[in-house]
Structures are given as structure tokens and as C-alpha cells.
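Trainee: In this note's numbering, the protein residues as written are 29 to 179.
Note that CB positions come from ideal geometry on N, CA and C, so glycine has one too.
#1: Return the chain-ordered list of same chain residues with a C-beta closer than 8 Å to the C-beta of residue 47, the five sequence neighbours on each side being excluded.
#2: Is the beta carbon of residue 129 sitting closer than 9 Å to the one on residue 41?
#3: Is there contact here, the segment 148-159 with the segment 96-111, by at least three beta-carbon pairs under 8 Å?
#4: Could you name the residues of the same chain whose beta carbon sits closer than 7 Å to that of residue 107, not counting the 5 residues immediately before and after it, in chain order?
#5: Report the rounded CA-to-CA distance for residue 104 versus residue 133, giving the unit in angstroms.
#6: With 16 other CB atoms within 10 Å as the buried threshold, where does residue 72 fall?
See the structure below:
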């Protein structure tokens, strides 16, 4: 059964949080897909991941870069999974069907807690998963930006 972790952003932006979460996921040795809410943001996130830190490196690519099967981290707005990812990150309102969800070991749903639309979408997804008895966790940032698991 797929584990789905909800990350409720409140104090930091996606651009600050995503690279850190990807670093932790990449350290597991598993392949990763980042599904982004729209095509316009794919290249922005791609650029962000190349430049977020001089001390870190996350090997990744998008359709523009090519060689999808060789990329440990693949960025796309579509449902494609050309790198054989087992971890899926959903950002910028990206969604996944329950059928597609089952093809991943773990899903990270990162949403903006300052957006009513993003909150509503996350709540609806949470209810859908709970009704199906999936493994779900909810993480919220405290005032220092540290992630706390909520019951």
C-alpha cells in the first residue's frame, strides 16, 4: 500500500522546501518523479533545483533536458514516469488518480497552506485516501520551519 505524506507549507515557500525534501528522498537511492501543476512551472522548478545551493547537487531533468530514463529525479506536469520512479512529489496543485497512486511506494503532497484553493484540494485528497484506508501522514511547519507530524 502506498504511503502518502501531506506537507502543509506555512512559513516557507515551495522553492525553499522542495530541494531539502528531495535531498532526503534522493539519499534513499530511490528514483523520484516531481509532478508539477502546470507546464509553465516545470522549467522554473528545474532551474531552482540547479541553483538553490552551491553546496548541494540534485541530479534531475525534464523533457527539455531529455534522457528521462537516466534521470534520478524527473520533473513533469504529466502522468509520465519515464525514469521508473517509486517516489512521487506532487506540487503546485498537481494531482494523481488512485490507480496511478498505487504505482508508487510513497507520495509527498506539498501544498501551500496560505492558499484556500490548495487547502481545499489537500483536504479532499486526504478524505479520499482515508476512505480507502491508505497510509496517510500530515506534516506541518512550526514557527521555525521545522516539520512536525500531526496526529
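Mentor: Answer, in terms of the structure:
#1: 76, 77, 80, 81, 84, 86
#2: no
#3: No, because fewer than three Cβ pairs between the segment 148-159 and the segment 96-111 fall closer than 8 Å, the two stretches do not touch.
#4: 128
#5: 19 Å
#6: Flag for residue 72 reads exposed.
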